[in-house]
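Numbering (our numbering), first residue to last: 1175 to 1738.
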C-alpha cells in the first residue's frame, strides 16, 4: 500500500516524497481513512509507530477542503501534548507535511514568555499544538478562541494524566463546541484514560496495532543486577564493553541526573543533563546537540525526554527504574524507531525488584536477569521501600553496611560536641539562678515549681538579676561599636575611664570612642534607645545612692518675680 492510495492532495504527497515516506505504517493504514470519514478514534500506539502522521495527514486534507480566511484564519484544530519538547516535535512534523500548504501551526507551552504566543494568535493560527496548562491560561485571558475547534487530538494521553493535567483538560473540553471530532492516542490504557474515553468519545473506532502495553519486538531488553552504590561504576564499564557511541540514560530524579552527568563528565564523556529545572532555551539547545551527534550521552528524566525523536538511537539505559510501569514502555520506545533495532539496558538493585515485577506484569514478558563480572549484586540484602522521587545513589544514615534498616532501639544516639556550651539549653529560673534543662521536661517543671513555692525571695533580687542580664547585653552592643570601656564578667558592670598619656588634650583624630560620644547628642546610651542612667548601678544592693544636687532649684514664684 502507498500514500497515493489515499485521497490526499498533490501538495501533501509531494511533501511526503521529499521526506522519503515510501509506504504507510500499520496505524497509518487504518487511521487515515477513518479520520477522513470524520470518526472518533481510540488508538493504542507506542512512540515511533508514525502516529503523528496518522492524524496530521488527514487533518491537513480536511482543512484544505474547507473555506479559510486568508487574512486572519480561525483556529480549527487543537492538539494537546504533555510536554514542551513533544509540542515542538509535533509542530515540526506538521509543518513538514504542510510545507506546500498555506496553513499556520503554533506551539503553545509554558516556561517561556506568553507575549510572542499571544501576538502570533492575534494574526490567526490554523493548528495549535499546546500543553494543557498554558492553553488554559491563554483561553481564560481571551487570547485564544476555542469556539471554532472542530478537531481535538490527545497525543500520549496516558502521560498527561500521570502529570496531573486531568483538571485542566476537563476545563478545556467544556470550552469546546460539542460538535467536534475527537482523536485519542495512547501507548497504555490506565483507568483515567478509559474513563475520559467513555465520557468524551462518541462511538469510537478502536485501533490496536500491537498488544496493549507491549514493547517493540525489535528492541532487545536486558536487566543487569547490581548493588545501588555501584551503579555509576557499572555504567562506565557498560559504555566501554558495549562500545556505545550514543545513548540516552534515564534517571528517576533531577538530582540523580545531575550527579550522573557530572560523574561521566569527569571521566571524559561528552554528556549533558536534561530535566525540568533547566530553562526552555537550554533544553532546546541540549536536545539539538544530542540529535546532531555533538553530545554522545544524554542523562534525562522521564518528563524532559518526552518528544525526543531520533531515528537511529541505538541504546537506552535505565540507571533507575521508574516507579510507574507505563513509563518504562515510553522510555525504551526512544530506541528502535522507524523499524531500526535497539537495545534497552536496565541496571536494577534489590530495592527496585518490586518495580521490575510490575513492569513484567505490564508488558507480559519475563526479563532475563544478568550479572556483570566484578559487579555482582548481594541478593542477601533486605530491600528497602523507595519513596517517590528518592535518590537511589544516596544511602540512608540509618542503614548498616549491608543496607538493612537499623531498629530504633538499636540506633546509636547522635554525637554532640561537649566542648561547646549551648546557651539555648540553659534557663533562668524566677529566683535568678541558671539551671540546666532536665532530660524529662515534666520532671523539670514539677521540681522548679516545688522549689519556687518553698523558696522566699524579695523583688529586689529579681530586679538585680534582670538588670545585670540587661547590662551584659548592653555591654556586648557597646563592644561591637568599638567602645574602649572594659566589661567585667565577674560583676557584670561597666567600668572604664578616659586614659591619656599626657595632660594635653588629644587631637580629634586621637580621641577615644568615649570622647567622641561623650556628648548628649552622640551618647552611646541614647544610641541604643535609652536616655536613663545605668540601671545596674541604681538598683543593685551594692550600688551607691545617687548624689543629691548641690544647687537648689528655684521656686516658680521667684522666677516670675525676677523677670518682672
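We put the CB at the ideal spot given by N, CA and C, even for glycine.
Opposing strand residues paired with residue i [DSSP bridges]
i: residue 1446; result: 1472
i: residue 1544; result: 1398
i: residue 1516; result: 1393
i: residue 1458; result: In the DSSP output, where bridge partners are listed per residue, residue 1458 has none listed.
i: residue 1491; result: 1423, 1519
i: residue 1251; result: 1301, 1325
Assigned secondary structure, residue i (DSSP; H/G/I helix, E/B strand, else coil)
i: residue 1382; result: strand
i: residue 1279; result: strand
i: residue 1246; result: coil
i: residue 1533; result: helix
i: residue 1484; result: coil
i: residue 1229; result: helix
i: residue 1453; result: coil
i: residue 1616; result: Note that residue 1616 scores a pLDDT of 48, beneath 50, so its modelled location is shaky; the value from the coordinates is reported in the next line. Note: residue 1616 maps to helix in three-state DSSP.
i: residue 1287; result: coil
i: residue 1498; result: coil
i: residue 1218; result: strand
i: residue 1360; result: strand
i: residue 1527; result: helix
i: residue 1268; result: helix
i: residue 1325; result: strand
i: residue 1355; result: strand
i: residue 1189; result: helix
i: residue 1182; result: coil
i: residue 1477; result: coil
i: residue 1414; result: helix
i: residue 1337; result: coil
i: residue 1440; result: helix
i: residue 1177; result: helix
i: residue 1207; result: helix
i: residue 1588; result: The predicted model places residue 1588 with a pLDDT of 47, which falls under 50 and marks its position as unreliable; any figure quoted below should be read in that light. Residue state, collapsed to three classes: coil.
i: residue 1464; result: helix
i: residue 1651; result: Here residue 1651 scores only 46 on pLDDT, less than 50, and its place in the model should not be relied on; the value that follows carries that caveat. It is helical.
i: residue 1345; result: helix
i: residue 1224; result: coil
i: residue 1237; result: helix
Integer-rounded CB distance, given that residue j should sit under 8 Å from residue i
i: residue 1300; j: residue 1278; result: 5 Å
i: residue 1522; j: residue 1495; result: 6 Å
i: residue 1375; j: residue 1216; result: 6 Å
i: residue 1213; j: residue 1379; result: 5 Å
i: residue 1546; j: residue 1400; result: 7 Å
i: residue 1491; j: residue 1445; result: Not quite, the Cβ-Cβ distance comes to about 12 Å (not below 8 Å), so this is no contact.
i: residue 1382; j: residue 1218; result: 5 Å
i: residue 1487; j: residue 1420; result: 7 Å
i: residue 1359; j: residue 1236; result: That pair is no contact at about 17 Å.
i: residue 1179; j: residue 1210; result: Contact flag wrong, Cβ pair sits at about 12 Å.
i: residue 1425; j: residue 1434; result: 6 Å
i: residue 1261; j: residue 1303; result: 5 Å
Residue from the options whose Cα sits closest to the Cα of residue i
i: residue 1470; options: 1447, 1477, 1229; result: 1447
i: residue 1322; options: 1465, 1548, 1248; result: 1248
i: residue 1266; options: 1380, 1482, 1208, 1238; result: 1482
i: residue 1353; options: 1320, 1544, 1367, 1380; result: 1320
i: residue 1528; options: 1537, 1497, 1553; result: 1497
i: residue 1232; options: 1244, 1203, 1218; result: 1203
i: residue 1238; options: 1549, 1272, 1227, 1261; result: 1272
i: residue 1429; options: 1450, 1440, 1439, 1414; result: 1450
i: residue 1205; options: 1190, 1193, 1223; result: 1223
i: residue 1519; options: 1541, 1342, 1537; result: 1541
i: residue 1413; options: 1517, 1390, 1341; result: 1517
i: residue 1294; options: 1369, 1261, 1246, 1210; result: 1246
i: residue 1403; options: 1525, 1464, 1228, 1302; result: 1525
i: residue 1200; options: 1407, 1370, 1228; result: 1228
i: residue 1357; options: 1341, 1243, 1377, 1544; result: 1377
i: residue 1406; options: 1438, 1427, 1415, 1416; result: 1438
i: residue 1308; options: 1493, 1343, 1370; result: 1343
i: residue 1336; options: 1348, 1355, 1367, 1325; result: 1367
i: residue 1207; options: 1191, 1192, 1177, 1185; result: 1177
i: residue 1252; options: 1426, 1297, 1305; result: 1305
i: residue 1288; options: 1338, 1263, 1318; result: 1318
Neighbour flag for residue i against chain D, beta carbons, 8 Å
i: residue 1442; result: The structure shown contains no chain D; it holds only a single protein chain.
Contact test: residue i Cβ vs the ligand SAH heavy atom, cutoff 7 Å
i: residue 1308; result: As presented, the structure is devoid of all ligands, the ligand SAH included, so that no description of it is given.
Report yes or no: do the segment 1499-1506 and the segment 1521-1535 share at least 3 C-beta pairs separated by less than 8 Å?
-> yes
Please confirm if the segment 1443-1458 is in contact with the segment 1510-1527, defined as three or more CB-CB distances below 8 Å between the two stretches.
-> With the rule of 3 Cβ pairs closer than 8 Å, the segment 1443-1458 does not count as touching the segment 1510-1527.
Report yes or no: do three or more beta-carbon pairs, one from the segment 1238-1256 and one from the segment 1325-1332, lie closer than 8 Å?
-> yes
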